[in-house]
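Take a look at the structure below.
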Ligand code: A2P
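In full-length UniProt numbering, the protein residues as written are 20 to 359.
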């Protein structure tokens, strides 16, 4: 029979996208439970034409779920994922809480679906960081053909990485900035204000001088690709874009790279489209890509000084590719294997 599904964080930006994708893709379920904080308890949401009442997490019995998607923040996962797994649910967790746990696989289905061949001891499958997912999907193809010597990545990350509250703050701060000096605005998530600005700091600073977001991209890429010595270094930047992360990616390979072949290799990866395949001046942007289930690539160019190195630009919907879609695709793989 189809699994009983719970969505923790159902009222948030990722949770809402998850619900949309479950409807669109027809993930089978025989029961659906929508869970959030007590602030949302009693609200009703319509899924697949049926009304569901949102339940407070404190009131929810996880024994009613075969699989629980968590995207309600790291502290919620730290506290409630163990409760869910103890009650017998398989958890697909979208936070950092279990990503580096050796007993919990960190899965991008297009890269390492084989990790799902058996259910993990911990009962938890971790969903990677939103900027890491599109990056490793491309690096997999490059590694297999040319070998990656090292990669340097700058990210341009949207406000929706911080959920609805991030998107609302971008709009409010932009409005205040346009109104001029008199308008009051107190930043909640982004300091300094993100309006008409770019901020080279996402998540907290570490002693190394890198941010936690930058460290996640290194550690998670190594774990997902199974390349413990992969040399990838990043600068993560928040930009005043509502949704869709972009990345400028420089890769130096072991072998010389031919542009036409690179485009062919990237374009043949699952759910990847190379926008400049036929027109080198074509390129994706967040506003043009919108809500897309594809990783969009453009600006593919071999460096003039080194025939083994190239640059590319990628854009991926962080709520979908970087979060909800990856989680749903993990669930689909589990259903296909009969483990759910
Ligand atoms: P709620 O809407 O009741 O606050 P976003 O990422 O868009 O900010 O959404 C966060 C999601 O996580 C929302 O669904 C939110 O529910 C939920 N959430 C936040 N804090 C808690 C909590 N302490 N317990 C359960 N769910 C929570």
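For glycine and all other residues, C-beta sits at the position ideal for the given N, C-alpha and C.
Segment limits, beta strand (DSSP E) that includes residue i
i: residue 105; result: Segment 93 to 105 is the alpha helix (DSSP H) holding residue 105; no beta strand (DSSP E) there.
i: residue 159; result: From DSSP, residue 159 is part of no beta strand (DSSP E) but of the alpha helix (DSSP H) over 151 to 165.
i: residue 111; result: 109 to 112
i: residue 265; result: 264 to 272
i: residue 331; result: 328 to 335
i: residue 145; result: 143 to 145
Assumed close pair residue i, residue j - CB separation to whole angstroms, cut-off 8 angstroms
i: residue 291; j: residue 157; result: 7 angstroms
i: residue 90; j: residue 342; result: 7 angstroms
i: residue 213; j: residue 178; result: 6 angstroms
i: residue 147; j: residue 239; result: 5 angstroms
i: residue 81; j: residue 116; result: Contact doesn't hold; Cβ gap of about 16 angstroms is too wide.
i: residue 248; j: residue 327; result: With a Cβ gap of about 18 angstroms, residue 248 and residue 327 do not count as contacting.
i: residue 131; j: residue 346; result: Actually they do not touch by this definition, with Cβ atoms about 15 angstroms apart.
i: residue 312; j: residue 344; result: 6 angstroms
i: residue 182; j: residue 33; result: 7 angstroms
i: residue 216; j: residue 188; result: In fact, because the Cβ distance is near 12 angstroms, the residues do not count as touching under 8 angstroms.
Where the alpha helix (DSSP H) containing residue i begins and where it ends
i: residue 183; result: 182 to 198
i: residue 285; result: 278 to 286
i: residue 353; result: 344 to 355
i: residue 202; result: Per DSSP, residue 202 belongs to no alpha helix (DSSP H) and is neither H nor E.
i: residue 306; result: 305 to 308
Contact under 8 angstroms by Cβ, residue i with residue j
i: residue 143; j: residue 123; result: yes
i: residue 41; j: residue 56; result: no
i: residue 160; j: residue 293; result: no
i: residue 318; j: residue 135; result: no
i: residue 242; j: residue 230; result: no
i: residue 257; j: residue 282; result: no
i: residue 79; j: residue 54; result: yes
i: residue 52; j: residue 21; result: no
i: residue 338; j: residue 36; result: yes
i: residue 251; j: residue 329; result: no
i: residue 150; j: residue 263; result: no
i: residue 308; j: residue 297; result: no
i: residue 175; j: residue 310; result: no
i: residue 321; j: residue 276; result: yes
i: residue 59; j: residue 73; result: yes
i: residue 88; j: residue 27; result: yes
i: residue 237; j: residue 162; result: no
Residues sharing a beta bridge with residue i, DSSP
i: residue 41; result: According to DSSP, residue 41 bridges with nothing at all.
i: residue 64; result: 71
i: residue 254; result: 173
i: residue 52; result: 25
i: residue 320; result: 330
i: residue 89; result: 27, 112
i: residue 230; result: 224
i: residue 315; result: 292, 334
i: residue 125; result: 145
i: residue 218; result: 257
Near ligand 2: residue i beta-carbon under 7 angstroms from a heavy atom
i: residue 284; result: Ligands in the displayed structure: ligand 1; ligand 2 is not one of them.
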